[in-house]
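Participant: Shown below is the structure under consideration.
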Amino acid sequence: MNYLAHLFLSGNDPDLQIGNFIADSVRGAQILLYPERVQQGIKLHRQIDAFTDCHPIVAETKARLRPLFRKYAGVVADLYFDHFLAVQFSHFSAEPLPAFAAAAYSHILSRPELLPERVHHFLPHMVRHNWLVSYAKVEGITRALQGLSQRTTFESGMEKAGEELLLNYASYEEEFARFFPELQRYVEEQIVLIRN
86 MNYLAHLFLS GNDPDLQIGN FIADSVRGAQ ILLYPERVQQ GIKLHRQIDA
136 FTDCHPIVAE TKARLRPLFR KYAGVVADLY FDHFLAVQFS HFSAEPLPAF
186 AAAAYSHILS RPELLPERVH HFLPHMVRHN WLVSYAKVEG ITRALQGLSQ
236 RTTFESGMEK AGEELLLNYA SYEEEFARFF PELQRYVEEQ IVLIRN
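To convert a position in the sequence shown, counted from 1, into our numbering, add 85.
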């Protein structure tokens with residue numbers, strides 16, 4: 086899953102949310118530099134990724150994407166699923182997406198001492214262009230994937246992933262609809278275990 090899903094799945098716990106948000110920029114023993122609840126958020130992020138990566142529904146999505154995007158199929162799938170979460174946000178949350186995004190940005194920006202250098206680098210751009218809300222439009226997902234494509238070492242084809250989303254929109258939407266509730270249940274169970 087991508088930024089929106091990780092933030093949303095953290096619930097209303099700000100420190101868990103920050104840990105979940107920064108996790109991709111925290112390596113190995115660096116986790117010990119963070120407060121306990123932020124560490125739990127980092128671990129939760131990794132659990133979400135592991136659950137997603139080995140899930141059979143996500144495997145269907147990646148199998149369709151792999152001929153086009155090879156090793157980047159998982160990255161594309163993550164962003165597609167963030168798109169569908171953004172589009173259907175009112176189905177999963179009583180809080181409107183723009184309000185959720187504004188609150189998430191505000192909390193993350195209020196804790197600069199917890200943010201790794203990589204996050205400091207992209208966060209202003211993320212907030213300025215309101216990535217979380219922009220994911221609700223195919224154009225927003227296309228821009229995100231084009232940006233990722235420019236930063237890959239190898240030819241990824243991700244700049245064309247918006248076209249693929251439109252071409253097989255119903256199939257990707259259906260896979261998200263089957264997968265996301267299962268992910269939600271899994272994360273709710275993990276959060277309960279973290280608290281005990």
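Where is the CB? At the ideal position from N, CA and C, for every residue including glycine.
1) Give every residue of the same chain whose Cβ lies closer than 7 angstroms to the Cβ of D109, excluding the five residues on either side of it in the sequence, and list them in chain order.
2) Fully enclosed by the region 222–253, which alpha helix (DSSP H) runs are 4 residues long or longer?
3) Per the contact definition of three or more C-beta pairs closer than 8 angstroms, is the region 223–243 in contact with the region 182–191?
4) Just the C-alpha distance for E267 and H91, rounded to the nearest angstrom, thanks.
5) Under three-state DSSP, which class holds L200?
6) Within its chain, find whatever has a CB closer than 7 angstroms to the CB of V277; leave out the 5 residues flanking it on each side and keep chain order.
7) May I have a chain-ordered list of the alpha helix (DSSP H) segments no shorter than 4 residues that lie completely inside the region 115–143?
8) When you compare the CB positions of L153 and E249, do they come within less than 8 angstroms of one another, or not?
9) Rounded to the nearest angstrom, how far is the Cβ of L233 from that of I107, given a contact under 8 angstroms?
10) Can you list, in chain order, the residues of its chain whose CB lies under 6 angstroms from that of F33, leaving out five sequence neighbours each side?
11) So is L194 buried or exposed if we call it buried at 16+ other beta carbons inside 10 Å?
12) Measure the C-alpha to C-alpha separation of L150 and G159 and round it to an integer number of angstroms.
13) May I ask which residues mark the beginning and end of the alpha helix (DSSP H) holding P99?
Facilitator: Judging by the given coordinates:
1) Indexing the sequence shown from 1 puts residue 109 at position 24. Within the same chain, and ignoring the five residues on either side of D109 in sequence, no residue has its Cβ closer than 7 angstroms to its Cβ.
2) Counting only runs of at least 4 residues, the region 222–253 fully encloses the following alpha helix (DSSP H) elements, listed from N- to C-terminal order: 223–236 and 246–252.
3) Verdict: no, contact absent.
4) Counted from its first residue, the sequence shown places residue 267 at position 182. Counted from its first residue, the sequence shown places residue 91 at position 6. Distance between the alpha carbons of E267 and H91: 15 angstroms.
5) Here residue 200 is taken as the residue at index 115 of the sequence shown, counted from 1. In the structure shown, the three-state DSSP call for L200 is coil.
6) For the purposes of this step, residue 277 is identified with residue 192 of the sequence shown, where counting begins at 1. Counting only Cβ-Cβ distances below 7 angstroms, and skipping sequence neighbours, we find nothing.
7) Within the region 115–143, the runs of alpha helix (DSSP H) at least 4 residues long that lie entirely inside it are, in chain order, 121–138.
8) For the purposes of this step, residue 153 is taken as residue 68 along the sequence shown, with counting starting at 1. For the purposes of this step, residue 249 is taken as residue 164 along the sequence shown, with counting starting at 1. It is a contact, given that the beta carbons lie within the stated cut-off.
9) In the sequence shown, the residue the question calls residue 233 occupies position 148. In the sequence shown, the residue the question calls residue 107 occupies position 22. Not really, about 18 angstroms apart at Cβ, beyond 8 angstroms.
10) Here the chain covers residues 86 to 281 and nothing more, so residue 33 does not appear.
11) Translated into positions along the sequence shown, residue 194 becomes position 109. Classification of L194: exposed, given that the 10 Å Cβ count is below 16.
12) Looking up residue 150 in the sequence shown gives position 65. Looking up residue 159 in the sequence shown gives position 74. Per the coordinates, the alpha-carbon of L150 lies some 8 angstroms from the alpha-carbon of G159.
13) Indexing the sequence shown from 1 puts residue 99 at position 14. From DSSP, the alpha helix (DSSP H) with P99 extends over P99 to I107.
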